[in-house]
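Novice:
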Amino acid sequence: MRLAGAIFDLDGTIADTFAICFLTFRHTVERHGGPTFTDVEIRAQFGPSEDGMFERVVPARWQDAFTFYLSEYERHLPTCEVFAGVAAALAWLREHGVPVALVTGKSRPSALMSLKQFGLDGTFTIVETGSPAGVVKAEAIGRIVAAWRVLAREVIYVGDAVSDMQAAHEAGVLPVAAAWAPGVAAADLQATCPHALFTDAGAFHAWLAG
Numbered sequence: 056m057r058l059a060g061a062i063f064d065l066d067g068t069i070a071d072t073f074a075i076c077f078l079t080f081r082h083t084v085e086r087h088g089g090p091t092f093t094d095v096e097i098r099a100q101f102g103p104s105e106d107g108m109f110e111r112v113v114p115a116r117w118q119d120a121f122t123f124y125l126s127e128y129e130r131h132l133p134t135c136e137v138f139a140g141v142a143a144a145l146a147w148l149r150e151h152g153v154p155v156a157l158v159t160g161k162s163r164p165s166a167l168m169s170l171k172q173f174g175l176d177g178t179f180t181i182v183e184t185g186s187p188a189g190v191v192k193a194e195a196i197g198r199i200v201a202a203w204r205v206l207a208r209e210v211i212y213v214g215d216a217v218s219d220m221q222a223a224h225e226a227g228v229l230p231v232a233a234a235w236a237p238g239v240a241a242a243d244l245q246a247t248c249p250h251a252l253f254t255d256a257g258a259f260h261a262w263l264a265g
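Count along the sequence shown from 1, add 55, and you get the number used in the numbering used here.
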């Protein structure tokens, strides 16, 4: 397979950040007069970036909530690490001159904060973040492919969610399912017919290098 570019999701793909996402979102909503959400209920809110999520659940105080959330998220970030196999894969791509980009549903402030904490702030040639209005990943992937001036079918998008695989299919790139984070339902990802699926990030690195 000729690989002209690699695009990555962030949460659950590059690093196991979901625990702090759930913790900080729940704490922020409670502090700003909203209901107490379970992790499952928070995940069901995914689609818009965090600022958009707060607009929906605490509309009268969403700006204060978002500012507080960013502070709490930054405080908890040092507890998270990049998956070792992903770090190796990114190094391999860099060594072989393959351009890499990031497409995440996160807000720009929290995405850039995460990349800085993980030592990846200079890794991605393009960083596309989420929208408060809703899911925009397919469009973001398309913009990156156009900017790189490569064939979409020679680009991979690596993500851990069914919606990531759907966005990749919609954009015409190769969906690669990252099923290595705790709690990821590999069977649900497999049902989207990805180009490849990995339950271990090291196996993904080996696949690239092979």
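The C-beta atom is built at its ideal place from N, Cα and C for all residues, glycine as well.
CB A233 to CB V213, shorter than 8 Å?
Specialist: For this step, residue 233 is matched to residue 178 along the sequence shown. For this step, residue 213 is matched to residue 158 along the sequence shown. Closer than 8 Å, so yes.
Novice: State the Cα-Cα distance for the pair V84 and D106, rounded to the nearest angstrom.
Specialist: Counting from 1 along the sequence shown, the entry for residue 84 is found at position 29. Counting from 1 along the sequence shown, the entry for residue 106 is found at position 51. Answer to the nearest angstrom: the Cα atoms are 12 Å apart.
Novice: Suppose only complete runs of 3+ residues qualify. What are the beta strand (DSSP E) ranges in the stretch 166 to 198, listed by chain order?
Specialist: Counting whole runs of 3 or more residues, the stretch 166 to 198 contains the beta strand (DSSP E) stretches 181 to 183.
Novice: One question on the structure: do V205 and F63 come within less than 8 Å of each other, judged by their Cβ atoms?
Specialist: Within the sequence shown, residue 205 is the residue found at index 150, counting from 1. Within the sequence shown, residue 63 is the residue found at index 8, counting from 1. Cβ distance not < 8 Å, so V205 and F63 don't count as in contact.
Novice: Can you check DSSP and say which residues form a bridge with D106?
Specialist: The residue given as residue 106 occupies position 51 in the sequence shown. Note: D106 sits in no beta bridge, so no partner.
Novice: Can you tell which of V191, A74 and W203 has the C-alpha that lies nearest to the C-alpha of F179?
Specialist: In the sequence shown, residue 179 corresponds to position 124, counting from 1. Residue W203 is the option with its Cα nearest to F179.
Novice: For I211, list the residues DSSP reports as bridge partners.
Specialist: One-based indexing of the sequence shown puts residue 211 at position 156. In the DSSP output, where bridge partners are listed per residue, I211 has A61 and L229.
Novice: Looking at L229 and H260, is the spacing between their C-beta atoms short of 8 Å?
Specialist: Translated into the one-based positions of the sequence shown, residue 260 becomes position 205. Translated into the one-based positions of the sequence shown, residue 229 becomes position 174. Taking 8 Å as the Cβ cut-off, H260 and L229 do not qualify as a contacting pair.
Novice: Quick one: Cα of I97 to Cα of P103, how far?
Specialist: Taking the sequence shown and counting its residues from 1, the one referred to as residue 97 is at position 42. Taking the sequence shown and counting its residues from 1, the one referred to as residue 103 is at position 48. Between I97 and P103, the C-alpha separation is close to 12 Å.
Novice: Can you name the start and end residues of the alpha helix (DSSP H) that A241 belongs to?
Specialist: Numbered from its first residue, the sequence shown carries residue 241 at position 186. Element bounds for A241: A241 to Q245.
Novice: Does any C-beta atom of chain B lie closer than 8 Å to the C-beta of I196?
Specialist: In the structure shown, chain B does not exist; there is a single protein chain.
Novice: Run through DSSP, which three-state label would L206 get?
Specialist: What you label residue 206 is simply residue 151 of the sequence shown in a count that begins at 1. Residue state, collapsed to three classes: coil.
Novice: With burial defined as no fewer than 16 other Cβ atoms inside 10 Å of the residue's Cβ, what is the status of E183: buried or exposed?
Specialist: To locate residue 183, count along the sequence shown from 1; it is residue 128. Classification of E183: buried, given that the 10 Å Cβ count is 16 or more.
Novice: Any idea if V95 is buried or exposed, counting beta-carbon neighbours within 10 angstroms, 16 or more meaning buried?
Specialist: The sequence position of residue 95 within the sequence shown is 40, counting from 1. That one is exposed.
Novice: Can the beta-carbon of F121 be found less than 8 Å from the beta-carbon of F109?
Specialist: The residue given as residue 121 occupies position 66 in the sequence shown. The residue given as residue 109 occupies position 54 in the sequence shown. Contact: yes.
Novice: So V95 is in the alpha helix (DSSP H); what residue range does that whole segment cover?
Specialist: In the sequence shown, residue 95 corresponds to position 40, counting from 1. It spans D94 to Q100 - the alpha helix (DSSP H) in which V95 sits, taken as one unbroken run.
Novice: Between which two residues does the beta strand (DSSP E) containing F253 stretch?
Specialist: Your numbering for residue 253 matches position 198 in the sequence shown. From DSSP, the beta strand (DSSP E) with F253 extends over A251 to F253.
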